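Heads up: the sequence shown runs through residues 8 to 647, numbered per the working numbering. Beta carbons are placed, not taken as given, at the ideal position from N, Cα and C, and that holds for glycine. All values reported here derive from a predicted model rather than from experimental measurement. Notes for the one structure printed next.
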Amino acid sequence: MRMTPVRWIAFAPLLLALPAVAQLSAVAADAMADMSIEDLANIQVTSVSKKPERLAAAAASVFVITADDIRRSGAATVPEALRLAPNLQVAQTSGYGYAISARGFNSSRNTVPNKLLVLIDGRSVYSPFFSGVTWDAQQVMLEDIERIEVISGPGGTLWGVNAVNGVINITTRASSATRGSLVALRAGERGNHVAVRQGSGDWRLQATYLNERHTELAGGAPVNDARHQWQAGMRRDWGSGADLFSVHGNAYRGALDQPEPGAITTGTKLDLGTVRSSGASLTARWTHALDAGGSLMLQGYIDHSERDVPPTYAERIQVADLQFQHSLPANRFGQLVWGANLRHTWDEVTNSETVAFLPAKVGQNWASLFGQNELALRENLRLVVGARVEHNDYTGAEFLPSMRLAWQVAPQHAFWSGVSRTVRAPSRLDADTFIPGTAPYLLRGGPQVRAEVAKVFELGYRGQPLPALSISATVFHNRYDHLRTQEVDATGSFLTFDSKMEGKSRGIEMWGSYQATPWWRLSAGWLALHQRFALKPGSNDEPAPRTSGRDPSHTAQLRSTFILSGDKEIELAVRKVARLESDQVPGYRALDARFGWRVRRDMELSVSGHNLNGAHAEYGALATRSEVPREVAVKLVWMH
8 MRMTPVRWIA
18 FAPLLLALPA
28 VAQLSAVAAD
38 AMADMSIEDL
48 ANIQVTSVSK
58 KPERLAAAAA
68 SVFVITADDI
78 RRSGAATVPE
88 ALRLAPNLQV
98 AQTSGYGYAI
108 SARGFNSSRN
118 TVPNKLLVLI
128 DGRSVYSPFF
138 SGVTWDAQQV
148 MLEDIERIEV
158 ISGPGGTLWG
168 VNAVNGVINI
178 TTRASSATRG
188 SLVALRAGER
198 GNHVAVRQGS
208 GDWRLQATYL
218 NERHTELAGG
228 APVNDARHQW
238 QAGMRRDWGS
248 GADLFSVHGN
258 AYRGALDQPE
268 PGAITTGTKL
278 DLGTVRSSGA
288 SLTARWTHAL
298 DAGGSLMLQG
308 YIDHSERDVP
318 PTYAERIQVA
328 DLQFQHSLPA
338 NRFGQLVWGA
348 NLRHTWDEVT
358 NSETVAFLPA
368 KVGQNWASLF
378 GQNELALREN
388 LRLVVGARVE
398 HNDYTGAEFL
408 PSMRLAWQVA
418 PQHAFWSGVS
428 RTVRAPSRLD
438 ADTFIPGTAP
448 YLLRGGPQVR
458 AEVAKVFELG
468 YRGQPLPALS
478 ISATVFHNRY
488 DHLRTQEVDA
498 TGSFLTFDSK
508 MEGKSRGIEM
518 WGSYQATPWW
528 RLSAGWLALH
538 QRFALKPGSN
548 DEPAPRTSGR
558 DPSHTAQLRS
568 TFILSGDKEI
578 ELAVRKVARL
588 ESDQVPGYRA
598 LDARFGWRVR
608 RDMELSVSGH
618 NLNGAHAEYG
628 ALATRSEVPR
638 EVAVKLVWMH
């Protein structure tokens, strides 16, 4: 019988189980027990209600990626680590480019994924310039990450506009948890990564460097998508009595080759140059514990970034953000959390003959006030009601209400439901884009663009049917209005952006973990999505409803973790992604594996393989899309 990649996927768990059985020891059982199924349910999350709560009690569809999950996956970057979340769609568009979304809208023909808010230690990395995330700039040292909370579904009440279909909250370790020295070296077929960290007492310093080689097209021709990038950062945490303080900062610089068709497509072939990317940020936070369980929090950050994308544009943006939050102690009226947020941005674009953003210099303001109250209707029944009012310069004040009900039917079983309204505010890309860079213009911006609105209905279950089994399932129904379109003007002489599409989506997302033996754990996830969009009266953007074609109808994943002995472990992961109707991207299966060996108490050696069953495409038009290659890498981590 010929062993095809599909058959290897089927037999691999059995092959890996044989050495596991042979080498099982009491030490191995203890290693897996470090994070039991019950422990996973009791992980503290903060993204759902902006206060610590048990994952099992959270009234939202939230998946937590732990530090151990990241280590065992062999991921080299944050987007690779996000593949672990079954409630996300992660598609690699080039060597360093990614389209990442939750519950659909993984880009359209004239915009990037723009309905997913991403935070790193409370700092938003969602760009107000183009309504999205520049993933190559988020070079977080993976060894410093404590957890990644991935919420699929609306988060506008607590996090503001743009948290439409999900929130990703990346939390790094406190400096007290990273004392001593650490050096991580990774060498792979596609490139090399170096990370160093030094911590002592209440502070740490860290730096990373990576270089990655280009990918290839399906026919073997090289894609111009190599990159070199470094990043350095610091963090200090200290406190006295009821007060805790934290300061952390980062700076980065990168050089990225620009693959076709380029960052901004205009319908003509351009002489693409190297993208220069750089930035720095500084965040400070103060929290004060009040009597009877309340707290105060004040956070501010400044963020500067520059991106030069020849020959189309260069952008420089500064962000100043101030947040205040007051959590009141629980009383007979509930437990109230309220706060306010002020943000100002300075944005300057260097235009070109190809594209212009007019005006070239813009200062913008955001201001919001939110409140959320959690009321115990009965001992096992909670009602969570909240709202946020947020003002932006394009569409004025937006109202973001939500209501959730959580029912603990038994100690190990909980149901929850939610109804929310959230929006995506326009960005400069929506309103201020002109192509070409000088008159007469083929595209004349979108001054009439409205905020995209989503009304979301959810029903979920989270529980442990068996002591060794945990399950989470959510069904959702979303109704969208004022979705962005690209219209031909009534004169027929130019294009403009508008908001003349509506739509619906529904789906189900499920995941769970099963502790088959003390040394063997299985984790699985499945997502199904159906979307339908329609143009509103007056629209002539016939291709717009085909936006749904950029999202797979279903995805599935299975991970198998074996502890071979106290110092050896193997992780095997299989992903299946359905085809994309847009651009006719075939569906694919991917097999990843990692073997880790704790050589000494202070040293770990691992070998990981990604896409071991062969290269595949994940996104984009056939003429320019990269084949995500097979890669084998070796990593050495030394800690002292």
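Helix, strand or coil at S427 [DSSP, three-state]:
In the three-state DSSP reduction, S427 falls in the strand class (E or B).
Between L436 and F252, which are expected to be in contact by the criterion C-beta below 8 Å, what is the C-beta distance as a whole number of angstroms?
With 8 Å as the limit, L436 and F252 do not qualify as a contact, their Cβ atoms being about 37 Å apart.
Of all the beta strand (DSSP E) runs that stay within the bounds of the segment 88-135, which reach a length of 3 or more residues?
Counting whole runs of 3 or more residues, the segment 88-135 contains the beta strand (DSSP E) stretches 96-99, 105-108 and 123-127.
Taking only runs of the beta strand (DSSP E) that begin and end inside the segment 584-642, which ones reach a length of at least 3 residues, in chain order?
Note on the segment 584-642: whole beta strand (DSSP E) runs with a minimum of 3 residues are 595-607 and 610-617, in chain order.
Three Cβ pairs or more, each shorter than 8 Å: is that satisfied between the segment 237-244 and the segment 202-215?
Verdict: yes, contact present.
If you measure between the beta carbons of Q415 and A48, is that distance less than 8 Å?
Taking 8 Å as the cut-off, the beta carbon of Q415 is found no closer than this to the beta carbon of A48.
Between which two residues does the beta strand (DSSP E) holding G286 run?
Run containing G286: V282 to A296, per the beta strand (DSSP E) assignment.
Top-ranked residue by Cα proximity to W527, from F540, R539 and F569:
Of the candidates F540, R539 and F569, the one whose C-alpha sits nearest the C-alpha of W527 is F569.
Would you decide whether N620 is buried or exposed? Buried here means 16 or more other CB atoms lie within 10 Å of its CB.
Note on N620: 16 or more other CB atoms within 10 angstroms of its CB, so buried under the neighbour-count rule.
Which one of G129, T118, Y626 and P525 has the shortest CA to CA distance from M304?
If we check each option's Cα against that of M304, G129 comes out closest.
Measure the Cβ-Cβ separation of D151 and R180 and say whether it is below 8 Å.
Yes, the Cβ-Cβ distance between D151 and R180 is below 8 Å.
Give me the Cα-Cα distance between G227 and A622, rounded to the nearest whole angstrom.
If I take the Cα positions, the gap works out to 11 Å.
Candidates R186, E219, D298 and G307, of which the one nearest V203 by Cα:
Minimum Cα distance to V203 is reached at R186.
Within its chain, find whatever has a CB closer than 6 Å to the CB of T73; leave out the 5 residues flanking it on each side and keep chain order.
Around T73, the same chain offers R154 as residues with beta carbons nearer than 6 Å, after the five sequence neighbours per side are excluded.
Once you ignore the five residues that flank S285 on each side, which residues in its own chain have a CB closer than 6 Å to its CB?
Around S285: R260 and E313.
What is the DSSP secondary structure of L536, reduced to helix, strand or coil?
The answer is strand: DSSP assigns L536 an E or B state.
Out of M610, L376 and N618, which has the shortest C-alpha to C-alpha gap to S188?
Looking at the Cα atoms, M610 is the closest of the given residues.
Cβ-based burial, L149 [other Cβ within 10 Å; buried from 16]:
By the neighbour-count definition (other C-beta atoms within 10 Å, threshold 16), L149 is a buried residue.
Assign G170 to one of two classes, buried (16 or more other C-beta atoms within 10 Å of its C-beta) or exposed (fewer than that).
The question names Gly, yet the displayed sequence has Ala at residue 170. By the 10 Å Cβ count, A170 comes out buried.
Every unbroken beta strand (DSSP E) inside the segment 393-464 [3 residues or more]:
Complete beta strand (DSSP E) runs here, min 3: 403-417, 420-431 and 440-442.
C-alpha gap between V52 and L449, whole angstroms:
A straight-line Cα-Cα distance of about 48 Å links V52 and L449.
Nearest to P59 (by Cα), restricted to the options G603, M517, V639 and Q342
Ranked by how close their Cα comes to the Cα of P59, the residues G603, M517, V639 and Q342 have Q342 in first place.
Mark G163 as exposed unless 16 or more other C-beta atoms lie within 10 angstroms of its C-beta, in which case mark it buried.
Buried, since its Cβ has 16 or more Cβ neighbours within 10 Å.
Any idea if Q493 is buried or exposed, counting beta-carbon neighbours within 10 angstroms, 16 or more meaning buried?
Taking every protein chain shown into account, the CB of Q493 has 16 or more other CB atoms within 10 angstroms, so this residue is buried.
What number of angstroms, rounded off, separates the C-alpha of Y626 from the C-alpha of N121?
Within the model, the alpha-carbon separation for Y626 versus N121 is close to 16 Å.
Candidates Q306, I77 and S54: which alpha carbon is nearest A66's?
Among Q306, I77 and S54, the Cα nearest to that of A66 is on S54.
Inspect the beta-carbon positions of E223 and E634 and report whether they are closer than 8 Å.
Yes, the pair counts as a contact, with Cβ atoms nearer than the cut-off.
Report the CB separation of K583 from G603 in whole angstroms; it is logged as a contact under 8 Å.
Under the criterion of beta carbons closer than 8 Å, K583 and G603 do not qualify as touching, at roughly 25 Å.
In this structure, how does DSSP classify R513 when only helix, strand and coil are distinguished?
Reduced to three states, the DSSP call for R513 is strand.
Give the secondary structure of S555 by DSSP, where H, G and I count as helix, E and B as strand, and everything else as coil.
Reduced to three states, the DSSP call for S555 is helix.
Under a Cβ-count criterion, where at least 16 other Cβ atoms within 10 Å of its own Cβ denotes burial, should L329 be classed as buried or exposed?
Per the 10 Å Cβ criterion, exposed.
Check whether the segment 351-358 touches the segment 400-408, counting contact only when three or more Cβ pairs, one atom from each stretch, lie closer than 8 Å.
Contact between the segment 351-358 and the segment 400-408 is absent, with fewer than three C-beta pairs closer than 8 Å.
Distance, L297 Cα to L123 Cα:
Linking L123 to L297 through their CA atoms gives a straight-line distance of about 33 Å.
Can you name, in chain order, every residue of its own chain whose Cβ lies under 6 Å from the Cβ of I271, other than the five neighbours on each side?
Same-chain partners within the cutoff: T319 and V362.
E578 beta carbon less than 8 Å from that of R79
Contact annotation: R79 and E578 have beta-carbon atoms nearer than 8 Å.
Sorted by chain position, which residues of the same chain lie with C-beta nearer than 6 Å to D257's C-beta, five sequence neighbours on each side aside?
The sequence shown places Asn at residue 257, rather than the Asp named in the question. Answer for N257: G240 and S288, listed in chain order.
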